[in-house]
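Residue numbers (our numbering): 7 to 213. Even for Gly, the Cβ is constructed at its ideal location relative to N, Cα and C. If you're wondering where the values come from, they're calculated on a predicted model, not measured in any experiment. Below is one structure, written out as structure tokens; comments come after it.
Here it is as structure tokens:
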């Protein structure tokens, strides 16, 4: 009699979707793990980015936008809520509503990871193929019509390249551009995999 509550996937500890619990805990932690990606252009520019936070500094001076901060805060709150839903649904897996909460929360980290990668790739494409071609004329106007040579080739997501700007015979600037993914990004990737696995595994509790 005492062992019946723990038998089968619908009772006791055996009825908990542990993949979902772990995934939910990691989802709650993700907004607090720091940037997922860091980009540096020499000592002049540094950008630290995640789906929940953006920090930028130019020559050591921070630049921020209240609107962007609020939007990213909303994304962070949404991820925490999705994590809570995952935990609740995984513990109460026998309830009819658990599959709906799992469905809502399971793919949130995956979309965050995919969204960040797509954003970085599209951003590099636009810069390399549009902005970089406009820079010589823009800088030339500010330099009083002097001949300007500009070489920019941003890495895609990760890597190192070099940028150079030469204004006639007056000035020449060369700086390394370095993009890197952080440990927090790989935690997000692991969380994404756990979330998808938890959703698939949760089907056994809906039978």
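Residue 54 sits away from residue 69, with the two beta carbons spaced by 7 Å or more.
Per the DSSP secondary-structure output, residue 62 pairs in a beta bridge with 53 and 69.
In the DSSP assignment, residue 43 falls within the beta strand (DSSP E) that extends over 43-47.
Taking a 10 Å sphere around the C-beta of residue 74, we find fewer than 16 other C-beta atoms and assign the residue as exposed.
Of the candidates 114, 185 and 48, the residue whose Cα lies closest to the Cα of residue 41 is 185. Taking C-beta atoms as the reference points, residue 21 and residue 93 fail to come closer than 7 Å.
Annotated three-state conformation of residue 167 is strand, per DSSP.
Of all alpha-carbon atoms in 160, 36 and 25, the one lying nearest the alpha-carbon of residue 189 is that of 36. In this structure, the beta-carbon distance from residue 181 to residue 47 falls below 7 Å.
Between residue 183 and residue 167, the CB-CB gap stays under 7 Å.
By the CB criterion at 7 Å, residue 89 and residue 34 fall inside the cutoff. Around the beta carbon of residue 108, 16 or more other beta carbons lie within 10 angstroms, which makes this residue buried. For residue 85, the closest of 64, 137 and 56 by C-alpha to C-alpha distance is 56.
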